[in-house]
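Colleague:
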Amino acid sequence: MQLPVKGVIYFYMFICVALLVFNLLYICRADHVKRRQQRKSQRWEAYLDGVKKGGKPAWSRRKLFRMLRNSQELMALYAAAEGRDQAEIEAVFRQNRSLFVELAQDYGKKAPMERAFFAYVIAAFYPAVGDKQDPLLEILLRYLDDSTVYCRENVLHALYTLGNMQAVEHAFVLMSQREWYHDPRLLADGLNRFQGEREKLAGRLWSRRRDLIECYQSGAIRFADALPGDDFVEDFLEALKTETLPTETQFALVRYFRRHADPRAKPELLRLLKEQVEGRRELAIAAAAALSSYPDGETRQALKEALRSRNWYVRQNAARSLKAMGATWEEIQAEIKGDRYATEMLEYVYGVQPAGAQGGKESEVHKAV
């Protein structure tokens, strides 16, 4: 049965009008919500101004709790506090420690998204507690139960801000026991914000490596790599030589010795570069890059030989390391003459124009700037 043409047109017009009305109502409601949220933020700004002047707080503790247990009010407080003097806001949070502990317990009963936002606010404004025992730490650790990746990331950032090594260690072990993957780069970047002794934290995490899964081991090593000293050279080198560790962890260990060059690491890096056993080629890739920090004749020769590797990434990193050492095109090209893949990699890394590329005529080789 076919519908009349007019009926189809009227139905289409009805749908268009309905969508137009829906969009208008949505815009009006969104504008109303925005204005209401702005008014809330303005009230919190007035409250913070009053606290700053040292006057009597405008609201009682009970009213503050009743307001802030609503996530919309918490968002308004965050908007009002953002951009203000950090010491001023931390003082407000410090004066209301017990209130925020009670709020943390209340938010712990809510959905992961709301828990995540409360942890985000703590990470932004709550003052560090260091190695002191604070009930807030235990409550935040409980947020990890039935959590999302976003919630876990915010909880970790809150723990970094609070600066308690034991709580961070506990979180890493707990997440490893539950086999929750977390990106090592996010872990390393977050750990660098730790408000405490970072070297000691890195040491504690490394000492618990057997209790951590691969991504947390790698994140801890990346964190140590970003630290200024060379405190972990000996321990990391021993682990690289003697321990059976996951591939990503070994990869991170090898990369550590690029920024933290040490003569004792060079023989192991050269060994890894030459190793062709299946499953270990990732380490040869990393070793080829790390050896750029060991510029001597032996290293140069090993990297020139690595240009003949079957692995494209090994050849690329070997060429980049040679370039970083100051090796010239002519010096390397003379030793790899006849190897097509090695020559192509050099042309790629050094940015040269291959001979005969234009009209079949031999062109001059130009060095990259």
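In terms of the numbering used here, the numbers along the sequence shown are unbroken and rise by one, the last being 381. For every residue, glycine included, the Cβ atom is placed at its ideal position computed from N, Cα and C.
Could you tell me if Ile21 is buried or exposed, where buried requires 16 or more neighbouring beta carbons within 10 angstroms of its beta carbon?
Modeller: Here residue 21 refers to the residue found at position 9 of the sequence shown. Exposed is the call here.
Colleague: Where does Trp218 sit, in a helix, a strand or coil, going by DSSP?
Modeller: Within the sequence shown, the letter at position 206 stands for residue 218. Residue state, collapsed to three classes: helix.
Colleague: Excluding sequence positions up to five away, which residues of its chain have a Cβ less than 8 angstroms from the Cβ of Glu347?
Modeller: As a first step, residue 347 is located in the sequence shown; it is residue number 335 there, counting from the start. Lys316.
Colleague: On the CB-based measure, 16 or more other CB atoms within 10 Å of its CB, does Met177 come out buried or exposed?
Modeller: Within the sequence shown, numbered from 1, the residue matching residue 177 stands at position 165. Classification of Met177: buried, given that the 10 Å Cβ count is 16 or more.
Colleague: Excluding sequence positions up to five away, which residues of its chain have a Cβ less than 6 angstroms from the Cβ of Leu149?
Modeller: Sequence index remark: in the sequence shown, residue 149 carries index 137 (1-based). Result list for Leu149: Asn176 and Ala179, in chain order.
Colleague: Within 10 angstroms of the Cβ of Val361, are there 16 or more other Cβ atoms? Answer buried if so, exposed if not.
Modeller: Sequence index remark: in the sequence shown, residue 361 carries index 349 (1-based). It counts as buried.
Colleague: List the whole-angstrom C-beta distance separating Ser53 from Ala88, where the pair is believed to meet the contact cut-off of C-beta under 8 angstroms.
Modeller: Residue 53 sits at position 41 when you count from the first residue of the sequence shown. Residue 88 sits at position 76 when you count from the first residue of the sequence shown. Their Cβ separation, rounded to whole angstroms, is 5 angstroms, which keeps Ser53 and Ala88 in contact under 8 angstroms.
Colleague: Given a threshold of 16 other Cβ atoms within 10 Å of its Cβ, counted over all protein chains shown, does Ser305 qualify as buried or as exposed?
Modeller: Within the sequence shown, the letter at position 293 stands for residue 305. Buried.
Colleague: Identify which residue in Arg106, Ala116 and Lys64 has its Cα closest to the Cα of Asn82.
Modeller: Here the question's residue 82 lines up with position 70 in the sequence shown. It is Ala116.
Colleague: What did DSSP end up calling His169 once you bin it into helix, strand or coil?
Modeller: If you number the sequence shown from 1, residue 169 lands on position 157. In this structure, His169 counts as helix in the three-state DSSP scheme.
Colleague: Would you give the residue range spanned by the alpha helix (DSSP H) that Gly202 belongs to?
Modeller: As a working mapping, residue 202 is identified with position 190 in the sequence shown. Pro196 to Leu203 is the extent of the alpha helix (DSSP H) around Gly202.
Colleague: If you follow the alpha helix (DSSP H) that Glu85 is in, where does it begin and where does it stop?
Modeller: As a position in the sequence shown, residue 85 is number 73, starting the count at 1. Where Glu85 is concerned, the enclosing alpha helix (DSSP H) stretches over Ser83 to Ala93.
Colleague: Tyr24 to Ala30, Cα distance in whole Å?
Modeller: Indexing the sequence shown from 1 puts residue 24 at position 12. Indexing the sequence shown from 1 puts residue 30 at position 18. Rounded to the nearest angstrom, the two C-alpha atoms are 10 angstroms apart.
Colleague: Can you have a look at Ala296 and say buried or exposed, based on whether 16 or more other CB atoms are within 10 angstroms of its CB?
Modeller: Along the sequence shown, read from residue 1 onward, the residue named residue 296 stands at position 284. Its Cβ being crowded by 16 or more others within 10 Å, Ala296 is buried.
Colleague: With a CB to CB cut of under 6 angstroms and the five nearest residues on each side skipped, what residues in its chain are close to Val63?
Modeller: By 1-based counting over the sequence shown, the position of residue 63 is 51. Val104.
Colleague: Any idea what DSSP makes of Arg352, helix, strand or coil?
Modeller: Counted from its first residue, the sequence shown places residue 352 at position 340. The answer is helix: DSSP assigns Arg352 an H, G or I state.
Colleague: Helix or strand or just coil, what does DSSP make of Ile21?
Modeller: Indexing the sequence shown from 1 puts residue 21 at position 9. If DSSP states are grouped into helix, strand and coil, Ile21 belongs with the helices.
Colleague: Leaving out five residues on either side along the sequence, give the residues of the same chain with a beta carbon under 7 angstroms from the beta carbon of Ser333.
Modeller: Within the sequence shown, the letter at position 321 stands for residue 333. Excluding sequence neighbours, Ser333 sits near Ala300, Ala301, Leu303, Ser304 and Leu315.
Colleague: By Cβ distance, which residues of its chain are closer than 8 angstroms to Ser188, with the 5 residues on each side in sequence left out?
Modeller: Residue 188 sits at position 176 when you count from the first residue of the sequence shown. Counting only Cβ-Cβ distances below 8 angstroms, and skipping sequence neighbours, we find Asp223, Leu224, Ile225 and Tyr228.
Colleague: Mapping the DSSP letters down to three states, classify Val289 as helix, strand or coil.
Modeller: Residue 289 sits at position 277 when you count from the first residue of the sequence shown. Only weak support is given to the placement of Val289: the predicted model assigns it a pLDDT of 46, under 50, and the value that follows is read from those uncertain coordinates. It is coil, neither helix nor strand.
Colleague: If we ignore side chains and look at the alpha-carbon of each, how far apart do Glu211 and Glu114 end up?
Modeller: Stepping through the sequence shown from its first residue, residue 211 is reached at position 199. Stepping through the sequence shown from its first residue, residue 114 is reached at position 102. If you take the alpha carbons of Glu211 and Glu114, they lie about 33 angstroms apart.
Colleague: Ordered along the chain, which non-local residues of its own chain (more than five positions away) have a Cβ less than 6 angstroms from that of Tyr326?
Modeller: Mapped onto the sequence shown, residue 326 falls at position 314. With the sequence shown as reference, residue 326 is identified as Val, and Tyr is not the correct amino acid for it. Only Ala296, Ile297, Ala300 and Ala318 meet the Cβ criterion.
Colleague: With a threshold of 6 angstroms on Cβ separation, who are the neighbours of Pro124 within its own chain once the five nearest residues in sequence on each side are excluded?
Modeller: Here the question's residue 124 lines up with position 112 in the sequence shown. Around Pro124: Ser159, Thr160 and Cys163.
Colleague: Flag this pair as yes or no: are the beta carbons of Leu153 and Leu186 separated by less than 9 angstroms?
Modeller: Locating residue 153 in the sequence shown gives position 141, counting from the first residue. Locating residue 186 in the sequence shown gives position 174, counting from the first residue. Yes, these two residues count as a Cβ contact at 9 angstroms.
Colleague: Give me the Cβ distance between Ala170 and Asn204, rounded to the nearest whole Å; I'm assuming they're in contact under 8 angstroms.
Modeller: Stepping through the sequence shown from its first residue, residue 170 is reached at position 158. Stepping through the sequence shown from its first residue, residue 204 is reached at position 192. Not a contact, Cβ separation roughly 15 angstroms.
Colleague: My understanding is that Gln98 touches Ala140, with C-beta atoms under 8 angstroms, so please give their C-beta distance in whole angstroms.
Modeller: Taking the first residue of the sequence shown as position 1, residue 98 is located at position 86. Taking the first residue of the sequence shown as position 1, residue 140 is located at position 128. About 12 angstroms separates the two Cβ atoms, so there is no contact after all.
Colleague: When the Cα atoms are used, what is the spatial distance from Leu282 to His272?
Modeller: Mapped onto the sequence shown, residue 282 falls at position 270. Mapped onto the sequence shown, residue 272 falls at position 260. Straight-line Cα distance between these residues: approximately 16 angstroms.
Colleague: Report buried or exposed for Glu287, applying the criterion of at least 16 other Cβ atoms within 10 angstroms of its Cβ.
Modeller: Translated into positions along the sequence shown, residue 287 becomes position 275. Exposed: under 16 other Cβ atoms inside 10 Å.
Colleague: Can you tell me the Cα-Cα spacing of Asn35 and Ala331, whole angstroms?
Modeller: Your numbering for residue 35 matches position 23 in the sequence shown. Your numbering for residue 331 matches position 319 in the sequence shown. C-alpha separation (whole angstroms): 58 angstroms.
Colleague: DSSP three-state call for Val33: helix, strand or coil?
Modeller: The count along the sequence shown starts at 1 and reaches residue 33 at position 21. Helix, per DSSP.
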